[in-house]
């Protein structure tokens with residue numbers, strides 16, 4: 001199945017934009033180094049944008065200099081391509097179609113875990129995803145992550161098994177082994193889809209991949225050839241002169257599969273763009289809130305170039321010039337007055353690594369502030385924070401993500417020389433036991449008293465809140481029943497959750513366990529405000545609290561409303577919450593990476609050595625079937641991860657390739673109030689960095705006596 005070579009014009013693209021059934025918006029997603037950009041090059045060359053001789057080495061969608069130097073994709077890049085299919089191929093397209101010309105709006109996204117937020121952003125604006133898997137390495141940790149993101153965004157996946165030349169030339173697999181390898185990859189991808197996907201009756205229907213229905217492609221992006229089983233079916237149908245719905249018997253079909261695997265040893269030179277057109281869902285916006293308004297200028301994204309275009313109908317991917325002044329991060333642009341914002345993107349990684357920046361020349365401070373605003377807009381996940389001390393903090397997903405953000409800030413956004421601190425890690429504060437006494441705080445006018453206690457969450461509840469299984473927007477009875485069934489809470493208690501914090505969604509709870517208190521509802525908002533303040537800035541070192549439940553046991557209030565206003569109650573609530581935290585055996589929590597390392601068998605011992613030195617521990621080790629490669633999975637504290645990749649490359653002879661993704665928070669062993677412990681040192685360093693008073697505040701500052 002060959003495509004006609006087409007060198008297209010912007011006018012041709014504009015004409016086909018009105019044929020919504022002939023538009024395919026899709027993302028290319030995969031694990032790092034599985035060949036997305038090289039594969040995209042082959043597609044771009046087939047569309048006539050680059051010379052076919054340079055496909056695979058041009059990396060047309062790697063538009064930045066550092067992307068070319070590092071040989072990794074950092075930013076998602078969009079490109080529009082125009083293809084024409086032959087009559088024979090048109091017969092296989094089941095969806096509605098209008099002519100033989102098709103517009104593919106392709107977004108090449110990064111594979112490195114630090115840039116997962118770019119993948120989420122790419123998936124949000126597309127309808128289908130081409131999941132690329134290296135057929136030697138198989139399904140890796142990031143393959144699962146991006147596939148899970150795609151399913152969460154209701155994106156239909158198709159699979160491309162890339163680097164078949166490696167399987168044939170490096171591993172020299174026999175036909176049967178090659179077949180088993182392919183079957184294993186298809187099964188692994190389907191396991192992920194069935195785990196995270198909806199059932200067949202859901203909005204997406206059956207999205208399982210199957211080579212028989214043509215949703216699996218095989219090929220080599222570097223060498224520019226690919227095929228699906230359709231080519232072999234056509235070949236055998238022609239050979240047996242079968243017409244119409246010609247069927248082969250099961251025994252004949254098995255024979256053909258065997259023949260096909262043997263014939264793979266001959267190189268094929270067939271591109272696979274038709275495979276994308278046939279099996280990607282066509283775009284069909286249904287809500288008025290999804291239509292774009294033309295603002296100042298519309299441009300067509302063409303990889304490293306942009307083309308101005310007069311107007312763009314709905315259902316296309318387009319760049320808008322002049323809207324950035326209204327957006328802080330992301331937003332919904334619409335002409336419909338009563339539209340709702342689209343759902344905020346949920347990322348698979350967290351900004352847990354921080355670095356402080358300042359201008360070398362103090363006179364450049366306004367440029368730095370403006371540069372930080374631009375950086376926050378240009379990256380979907382990076383956080384730019386100004387501490388109370390005036391320090392400017394940038395938070396990112398990992399060491400590499402921060403390095404790229406700082407480079408962009410210095411060279412593109414602020415354009416000034418910067419001073420940067422060493423990377424530091426975000427911690428969380430928690431408690432490990434119930435408060436050992438009832439904590440009381442009096443309001444500044446001494447007319448109101450709050451009595452409270454703190455206790456830790458049961459295991460798993462904080463994760464349930466993070467995942468969205470327990471939220472503040474849930475129906476009251478449903479949430480109470482869930483907490484009663486899973487965590488054995490009293491149903492009446494579980495119905496009295498006042499709020500989640502910090503920010504109204506975090507993994508801490510404020511509970512009302514009072515009995516018959518007057519005027520309680522009048523001070524609820526003030527107590528909630530104090531709770532949000534205290535959970536955002538804990539007592540140890542002003543880090544967020546995590547997995548703490550605060551119970552309001554009793555309240556004594558002045559009968560006159562003027563004496564129990566927010567000015568009296570909010571600081572009192574904060575003080576009593578801090579007292580509860582100090583009396584409930586406070587602890588620090590540190591973020592932990594899940595590390596997946598691919599390596600040959602002989603270097604596994606060296607990996608254990610590096611992990612042990614960095615407080616990491618291995619929990620799984622397995623061999624990739626049919627290859628000499630091992631996969632080692634381990635947990636590694638984020639604080640110890642700086643320089644980990646460099647250590648790993650230098651120790652086991654540069655043959656180990658790690659991927660680190662944030663996994664969970666774990667309690668740091670030791671009491672932060674014990675001067676000999678590691679948590680005490682971390683608290684002291686953090687307080688010093690934030691410009692806070694030395695030492696954890698004493699309990700007497702917060703606890704009042706009757």
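Numbering (UniProt numbering), first residue to last: 1 to 706.
Using N, Cα and C, we set each Cβ at its ideal position, and we do this for glycine too.
All of these numbers come straight from a predicted model, not from anything done at the bench.
Nearest residue (CA-CA) to residue i, options the options
{"i": "residue 449", "options": "573, 698 and 151", "result": "573"}
{"i": "residue 461", "options": "454, 452, 473 and 483", "result": "483"}
{"i": "residue 659", "options": "140, 365 and 127", "result": "140"}
{"i": "residue 102", "options": "164, 420 and 16", "result": "16"}
{"i": "residue 580", "options": "689, 702, 527 and 138", "result": "702"}
{"i": "residue 353", "options": "421, 215 and 629", "result": "421"}
{"i": "residue 186", "options": "174, 210, 168 and 303", "result": "210"}
{"i": "residue 642", "options": "620, 630, 615 and 335", "result": "615"}
{"i": "residue 689", "options": "393, 436, 556 and 522", "result": "393"}
{"i": "residue 119", "options": "105, 146 and 100", "result": "146"}
{"i": "residue 206", "options": "9, 193 and 231", "result": "193"}
{"i": "residue 180", "options": "648, 645, 669 and 627", "result": "627"}
{"i": "residue 546", "options": "485, 109, 650 and 459", "result": "459"}
{"i": "residue 454", "options": "663, 464 and 435", "result": "435"}
{"i": "residue 539", "options": "505, 700 and 465", "result": "700"}
{"i": "residue 612", "options": "182, 648 and 563", "result": "648"}
{"i": "residue 696", "options": "662, 541, 663 and 678", "result": "541"}
{"i": "residue 366", "options": "326, 414 and 379", "result": "414"}
Burial state of residue i, where buried means 16 or more other Cβ atoms lie within 10 Å
{"i": "residue 706", "result": "exposed"}
{"i": "residue 568", "result": "buried"}
{"i": "residue 198", "result": "exposed"}
{"i": "residue 308", "result": "exposed"}
{"i": "residue 388", "result": "exposed"}
{"i": "residue 265", "result": "Bear in mind that a pLDDT of 43 at residue 265, under 50, signals an unreliable position, so the number given afterwards is only what the model happens to contain. Exposed."}
{"i": "residue 576", "result": "buried"}
{"i": "residue 126", "result": "buried"}
{"i": "residue 144", "result": "buried"}
{"i": "residue 18", "result": "exposed"}
Close-in-space but distant-in-sequence residues of the same chain around residue i (CB under 8 Å, 5 per side omitted)
{"i": "residue 657", "result": "33, 597, 598 and 599"}
{"i": "residue 344", "result": "330"}
{"i": "residue 9", "result": "none"}
{"i": "residue 423", "result": "353, 354, 355, 399, 402 and 642"}
{"i": "residue 502", "result": "508, 532, 535, 536, 544 and 545"}
Neighbourhood of residue i by C-beta, 6 Å cutoff - its chain only, sequence neighbours within 5 removed
{"i": "residue 704", "result": "440, 441 and 442"}
{"i": "residue 747", "result": "The displayed coordinates of the chain run from 1 to 706. Any statement about residue 747 would go beyond what the structure contains."}
{"i": "residue 667", "result": "587 and 589"}
{"i": "residue 530", "result": "570, 573 and 574"}
{"i": "residue 595", "result": "634, 636, 658 and 660"}
{"i": "residue 174", "result": "none"}
{"i": "residue 417", "result": "360"}
{"i": "residue 245", "result": "Note that residue 245 has pLDDT 48, beneath the 50 cutoff, so the model's placement of it is unreliable and the number below is only indicative. For residue 245, where only same-chain residues beyond five positions count, there are no Cβ hits under 6 Å."}
{"i": "residue 298", "result": "309, 312 and 318"}
{"i": "residue 269", "result": "Low confidence applies to residue 269: its pLDDT is 35, below 50, so where it sits in the model is not reliable enough to give any reading."}
{"i": "residue 410", "result": "418"}
CB contact flag (residue i, residue j, <8 Å)
{"i": "residue 131", "j": "residue 157", "result": "yes"}
{"i": "residue 396", "j": "residue 384", "result": "no"}
{"i": "residue 638", "j": "residue 618", "result": "no"}
{"i": "residue 188", "j": "residue 39", "result": "no"}
{"i": "residue 665", "j": "residue 591", "result": "yes"}
{"i": "residue 593", "j": "residue 636", "result": "yes"}
{"i": "residue 493", "j": "residue 517", "result": "no"}
{"i": "residue 374", "j": "residue 544", "result": "no"}
{"i": "residue 508", "j": "residue 471", "result": "no"}
{"i": "residue 80", "j": "residue 13", "result": "yes"}
{"i": "residue 165", "j": "residue 116", "result": "no"}
Close-in-space but distant-in-sequence residues of the same chain around residue i (CB under 7 Å, 5 per side omitted)
{"i": "residue 585", "result": "431, 432 and 433"}
{"i": "residue 215", "result": "158, 159, 209 and 279"}
{"i": "residue 625", "result": "184"}
{"i": "residue 111", "result": "30, 31, 32, 33, 34, 36, 73 and 142"}
{"i": "residue 691", "result": "389"}
{"i": "residue 694", "result": "687"}
{"i": "residue 520", "result": "514 and 555"}
{"i": "residue 645", "result": "658"}
Interface flag, residue i vs chain C, CB-CB below 8 Å
{"i": "residue 608", "result": "Within the model displayed, chain C is absent; a lone protein chain is all it includes."}
In chain order, what are the residue ranges of uninterrupted alpha helix (DSSP H) at least 4 long that sit wholly in the stretch 586–673? 604–613 and 644–650
Runs of 4 residues minimum, wholly inside the stretch 500–572: which ones carry the alpha helix (DSSP H) assignment? 520–536
Whole beta strand (DSSP E) runs in the stretch 371–425 with 3 or more residues, listed along the chain? 383–386, 392–396 and 418–420
For the stretch 70–145, which segments carrying the alpha helix (DSSP H) assignment without a break, of at least 4 residues, lie completely within its bounds, in sequence order? 87–90 and 116–124
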